[in-house]
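Residues are numbered in my numbering as their position in the sequence shown, beginning at 1, plus a constant of 764.
Heads up, the thing below is written out as structure tokens.
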Amino acid sequence: MRNIVVTGGAGFIGSNFVHYLVENVPDVFVTVLDKLTYAGNKANISSLPEDRVKLVVGDISDAKVVDEVVRNADTVVHYAAESHNDNSLNDPSPFIFTNLIGTYTLIEACRKYDVRFHHISTDEVYGDLPLREDLPGHGEGPGEKFTDKTPYNPSSPYSSTKAGSDLLVRAWVRSFGLRATISNCSNNYGPFQHIEKFIPRQITNVLSGIRPKLYGAGLNVRDWIHTNDHSSAVWAIVEKGKIGETYLIGADGEENNKDVVELILELMGKGRDEYDHVNDRPGHDLRYAIDSTKLRTELGWTPQFTNFKDGLADTIKWYQENESWWKAEKAAVEAKYAENGQ
Ligand code: NAD
Ligand code: DAU
């Protein structure tokens, strides 16, 4: 059995990746290293067999815990992060510690034991793009989507700490020969996503009798990918990616927020106009869009969940059927948003 450490494997995308490994890769034993912050939930992986998955509760900034977990690993796949932009605007400090110091602690341990490292990052490191209608090639011309050559230009405390962590990994590859790859993915959706995030917040609002909340005019565009497609892409990079390379992961899923809220309402049997416009996010990135040609041509990856409406309907069903997973937190999450007029 290969020993794979998955940091943040009790969070949204990390836990979906652990499920993916157990279901698709027979010769792998997974050690999840997760602090179980407000965003981590051991229930996300509790259905998985003990002979395939073990949870170690610990902080990626704690060098002693990290050393113990990494010394026996073949590969570390690093998902753990403070991940929510709005939280980073209220209090950046945990973002500095986890995203920067935590990543530094992990790559030092991987350097010491010569362990293969894959760093999970975000398209937000590149900043934002103009809307398609304001571009000469309408979003398809050269430079009109993010590639691995786009200069870093992060906007928020969250995205700047992710950018910093990417740069640490690149420096460790060049200076110390760390066997690492990086992936920058667009917005994920699917089961187990925390209800502070856009899509699950609106779904659970409707299920709770609360009107969905759209920031500003809602014209901001996100490039949605189902989290299972993110998992298969990451595994392709771990298996076939070239050391030192950066791969962008995306599934051509651009939608503006207004259209997404209206589609959620329609799929849930409500009127498409039954939502509120609320305060915009300070510094709100306008548009993200990924050019994933490199990943598709060099590693042969293709997304499978490309019908956004169907994927959204499945996600709505998951939140309907798993009310006990989110219900207890709902009032507190909404109270926090209300403090910001959101
Ligand atoms: P999440 O907030 O749902 O989960 C984060 C997990 O990390 C939680 O289980 C939490 O307990 C754990 N964690 C936080 N701090 C920790 C620490 N100090 N030590 C150990 N564990 C800690 O996040 P997510 O949305 O699943 O994102 C996972 C990763 O993917 C992040 O690195 C994020 O930047 C990246 N990413 C997210 C998206 C997205 O759309 N959500 C898109 C691209 C990239
Ligand atoms: O692009 C990848 C990034 O996607 C990841 O790196 C982040 O970890 C992840 O949280 C996500 O960041 P966003 O800021 O794009 O996601 P969020 O779900 O917070 O918001 C999506 C869009 O919806 C954004 O334009 C803000 C808007 N929004 C959000 C909330 C919570 C609303 O209009 N209403 C809301 O209630």
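For glycine and all other residues, C-beta sits at the position ideal for the given N, C-alpha and C.
Note that the structure is predicted; figures quoted are calculated from it, not measured.
- Ala-844 and Ile-865 do not touch by the CB rule: their CB atoms are close to 12 Å apart, not below 8 Å.
- The C-alpha of Ile-1028 lies about 13 Å from the C-alpha of Ile-974.
- With a cutoff of 9 Å on beta-carbon distance, His-883 and Thr-945 are scored as near each other.
- Under the 10 Å beta carbon count, Tyr-1011 is surrounded by 16 or more other beta carbons and is classified as buried.
- Look at Asp-887 here: in three-state DSSP terms it is helix.
- When secondary structure is reduced to three states using DSSP, His-783 falls in the helix class.
- DSSP links Ser-947 through a beta bridge to Ile-884 and Tyr-1011.
- In the structure shown, the three-state DSSP call for Ile-809 is coil.
- Shown here for Val-782: same chain residues with a beta carbon closer than 7 Å to its own, the five before and five after excluded, namely Val-770, Gly-773, Val-794, Val-796, Ile-809, Leu-812 and Val-817 in chain order.
- When DSSP states are grouped into helix, strand and coil, Val-821 belongs to the strand group.
- Cβ-Cβ distances below 8 Å link Gly-1105 to Val-1042 and Asn-1043 in the same chain, with the five nearest sequence neighbours on each side left out; the list follows chain order.
- Pairing Asn-984 with Ile-1013, the inter-Cα distance amounts to about 20 Å.
- Remark: C-beta atoms of Pro-964 and Trp-1065 do not approach each other more closely than 9 Å.
- In this structure, Ile-1001 keeps its C-beta atom at 9 Å or more from the C-beta atom of Leu-932.
- When secondary structure is reduced to three states using DSSP, Val-937 falls in the helix class.
- Runs of the alpha helix (DSSP H) lying entirely within the stretch 828 to 878 and spanning at least 4 residues, in chain order: 849 to 854 and 867 to 877.
- Restricting attention to Pro-894, Val-792 and Val-840, the CA atom closest to the CA of Asp-798 is found in Val-840.
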